[in-house]
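Numbered per this note's numbering, the sequence shown spans residues 259 to 736. No residue lacks a Cβ here, since even glycine has one placed at the ideal position from N, Cα and C. Please read these numbers as outputs of a predicted model, since none were measured by experiment. Below: one structure, written as structure tokens.
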Amino acid sequence: MVEQEKDAALPAKGNFSEWYNELLRIAEIMDVRYPVKGLYVWHPFGFSIRKNVYSIMRELLDNDHNETLFPLLIPEHEFMKEAEHIKGFEDEVYWVTHGGKDPLEVNLALRPTSETAIYPMYKMWVRSHADLPLKLYQVVNTFRYETKHTRPLIRLREITSFKEAHTVHANWEDAAEQVEEAIRIYQEFYRRLAIPVLPSKRPDWDKFPGADYTIAVDALMPDGKTLQVGTAHHLGSNFAKTFDIKYEDPTGEQVYAHQTCYGISERSIASLVSIHGDDKGLVLPPEVAPVQVVIIPIIFKDGTEVLKECEKVKSTLEEAGIRVTIDASDRRPGAKYYRWEMKGVPIRIEIGPKDLKNNAVIMVFRDSGEKEQVPLNEIKDEVLKRFVTIHANLLAKAETALNNRIFDCVTLDGIQGKLKQGIVRMPWCGKKECGLALEEEIGAGILGIPTGQEGEKSAKCPLCGTDTGTWVYVARTY
Ligand code: A5A
Ligand code: ZN
Numbered sequence: 259m260v261e262q263e264k265d266a267a268l269p270a271k272g273n274f275s276e277w278y279n280e281l282l283r284i285a286e287i288m289d290v291r292y293p294v295k296g297l298y299v300w301h302p303f304g305f306s307i308r309k310n311v312y313s314i315m316r317e318l319l320d321n322d323h324n325e326t327l328f329p330l331l332i333p334e335h336e337f338m339k340e341a342e343h344i345k346g347f348e349d350e351v352y353w354v355t356h357g358g359k360d361p362l363e364v365n366l367a368l369r370p371t372s373e374t375a376i377y378p379m380y381k382m383w384v385r386s387h388a389d390l391p392l393k394l395y396q397v398v399n400t401f402r403y404e405t406k407h408t409r410p411l412i413r414l415r416e417i418t419s420f421k422e423a424h425t426v427h428a429n430w431e432d433a434a435e436q437v438e439e440a441i442r443i444y445q446e447f448y449r450r451l452a453i454p455v456l457p458s459k460r461p462d463w464d465k466f467p468g469a470d471y472t473i474a475v476d477a478l479m480p481d482g483k484t485l486q487v488g489t490a491h492h493l494g495s496n497f498a499k500t501f502d503i504k505y506e507d508p509t510g511e512q513v514y515a516h517q518t519c520y521g522i523s524e525r526s527i528a529s530l531v532s533i534h535g536d537d538k539g540l541v542l543p544p545e546v547a548p549v550q551v552v553i554i555p556i557i558f559k560d561g562t563e564v565l566k567e568c569e570k571v572k573s574t575l576e577e578a579g580i581r582v583t584i585d586a587s588d589r590r591p592g593a594k595y596y597r598w599e600m601k602g603v604p605i606r607i608e609i610g611p612k613d614l615k616n617n618a619v620i621m622v623f624r625d626s627g628e629k630e631q632v633p634l635n636e637i638k639d640e641v642l643k644r645f646v647t648i649h650a651n652l653l654a655k656a657e658t659a660l661n662n663r664i665f666d667c668v669t670l671d672g673i674q675g676k677l678k679q680g681i682v683r684m685p686w687c688g689k690k691e692c693g694l695a696l697e698e699e700i701g702a703g704i705l706g707i708p709t710g711q712e713g714e715k716s717a718k719c720p721l722c723g724t725d726t727g728t729w730v731y732v733a734r735t736y
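As structure tokens, then:
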């Protein structure tokens, strides 16, 4: 191995935690050396993945939401208005108390989320039923003084890529429909990332502070723990009453609005790199790969002809909107393969003198490792066709991995054994005591009730023995 390669050796993915940290470093996604706990730096390559991922989110939302941008600082008196919300967040807020040496007249919270920044403005913006529904979103940084173990992209104190949508509706039912729509949008978003997610209704004690209820989507990480990668909250008229958000209905009466909010963060990228990556590094679905095709010239003596052909192939692909790089550095081909495999480039094209004689190139696919000879005049079509199948393969593989790791269990012993491997589905009577006792006894919590559940077979809650038709997901969580 050349020096460079040894430096960059990645631990096997079986050792997930180490693999994850090293992958973020070697593939140049995040630099974790910033000297504040829970704050990390995006490398340009990682940021480029982020850009592609978030443009999918924007595309899905821009359909019928508008993008906006609110201030980072929230005055204390606004932040302190909604009692439940305060209770949920007060231990997590960073406060700005000084301007230079002067104490501020009003302390300012760094937003941990933006309800209390946005809703005082909604009070002024919402006047009539004709203003509804109002659907805005923003992509911002938020700050949470997290006390659990911080990890890059997973648990941050500065969440740098917080997409939060805030909607206002005429009544409770419309808001409930919007929560369902939000979950559909998140499922589509994750489908585009080739990640299957499980939507479930959180138990009451785990809902968003100030909400009527919360639906979350979870992804299964390679170590069998789940990661909550998105949430949608029905806020009822709780915030509307606190912030006095009313509208005039068609009969001229002033009525409180109903609201929802829903958010995702760079956890989406944590799940993306974790679920698809392998022992060689990143594996990216083509749509979000910063480099979609890398061309490696195989040069022996005079490389003029080969390089000319590489440029030609590059232009052809670029004309079709494909992101292409030629690696013409003087590294050995093996070192180049290694490098671009680490970066998750979906397709590698090798072009050498022998290939030119055959009027063909060699294509190698990152997801399967498969090789194929492709005639020069078919390269573009083949690449576009393969992008579709690569995405489908990644999704199918992730779906199989998920389905193989969901286990139905009806006894505490059974649950404990299976939790090491993945997610358990168990009957639950619905009582909080049983939910909390479960956490106590086996150290894993109820994720929630799968959405759309009906007609399940009846079974006994393993904690209290009550018969129930409700089954919940239980998992070890990040
Ligand atoms: N205003 C609503 C949308 C809200 O704040 N919801 S939330 O608290 O549930 O956060 C939305 C999503 O952000 C979560 O589902 C989770 O995926 C992500 N998230 C929350 N805290 C995070 C943290 N400390 N680091 C990274 N992501 C986080
Ligand atoms: Zn019970």
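For the 8 angstroms CB-CB criterion, E373 and H343 form a contact. Between I473 and K459 the beta-carbon gap is near 5 angstroms, inside 8 angstroms, which marks them as a contact. The Cβ atoms of F274 and D481 sit closer than 8 angstroms to each other. Excluding sequence positions up to five before and after L327, its CB lies within less than 6 angstroms of the CB of Q396, all in the same chain and listed in chain order. Residue pairing of V546 in beta bridges, as defined by DSSP: absent, with no partner found. Note that the region 639 to 656 touches the region 619 to 628; at least 3 beta-carbon pairs, one per stretch, sit closer than 8 angstroms.
In the DSSP assignment, D360 falls within the unbroken beta strand (DSSP E) covering 360 to 368. Around the beta carbon of C519, a 10 Å sphere encloses 16 or more other beta carbons of the protein chains shown; the residue is thus reported as buried. The secondary-structure analysis by DSSP pairs Q517 across a beta bridge with V426, G494. Counting every other CB atom within 10 Å of its CB across the protein chains shown gives G713 a total below 16, marking it as exposed. Between the ligand A5A and the CB of A474, the shortest heavy atom gap is smaller than 7 angstroms. DSSP lists P361 as the bridge partner or partners of H356. Across the structure, R308 and I605 are spaced so that their CA atoms are roughly 20 angstroms apart.
A contact is defined here as three or more CB-CB pairs under 8 angstroms, and the region 281 to 298 fails this definition with respect to the region 369 to 386.
Per the DSSP secondary-structure output, I664 pairs in a beta bridge with I681. In the DSSP assignment, I620 is bridged to E608, Q631. Taking every protein chain shown into account, the CB of P543 has 16 or more other CB atoms within 10 angstroms, so this residue is buried.
A direct Cα-to-Cα measurement between N324 and I417 gives close to 22 angstroms.
By the neighbour-count definition (other C-beta atoms within 10 Å, threshold 16), H335 is an exposed residue. Per DSSP, reduced to three states, the secondary structure at L451 is coil, with no helix or strand assignment.
The ligand A5A has no heavy atom closer than 7 angstroms to the beta-carbon of V294. DSSP places A733 in the strand class (E or B) of the three-state scheme. The residues H534, G535, G602, R624, D625, in chain order, have a CB closer than 6 angstroms to that of V541 in the same chain once the five nearest residues on each side in sequence are set aside. In the DSSP annotation of this structure, K406 is not part of any alpha helix (DSSP H), being labelled neither H nor E. For F401, the enclosing beta strand (DSSP E) covers residues 392 to 401.
Judged by DSSP secondary structure, S523 falls outside any beta strand (DSSP E); it is assigned neither H nor E. With respect to the 8 angstroms criterion, K629 and I620 are classified as neighbours on the basis of their beta carbons. By alpha-carbon distance to L530, the top candidate from M479, R369, A733, A578 is M479. Distance from P685 to A717 at the Cβ level is roughly 4 angstroms; contact confirmed, criterion being Cβ atoms closer than 8 angstroms. For T583, the enclosing beta strand (DSSP E) begins and ends at 582 to 584. When distances are taken from the beta-carbon of T371 to the heavy atoms of the ligand A5A, the shortest one is below 7 angstroms.
If you compare the alpha carbons of V551, I553, L485, H491 with that of E524, the shortest gap goes to L485. If one requires a minimum length of 4 residues, the alpha helix (DSSP H) runs lying completely within the region 312 to 348 are 334 to 337, 341 to 347, in chain order.
Rounded to whole angstroms, the gap between the alpha carbons of L677 and I554 is 44 angstroms. I453 sits close to A656, with the two beta carbons spaced by under 8 angstroms. For the ligand ZN, a non-hydrogen atom lies closer than 7 angstroms to the CB of L721.
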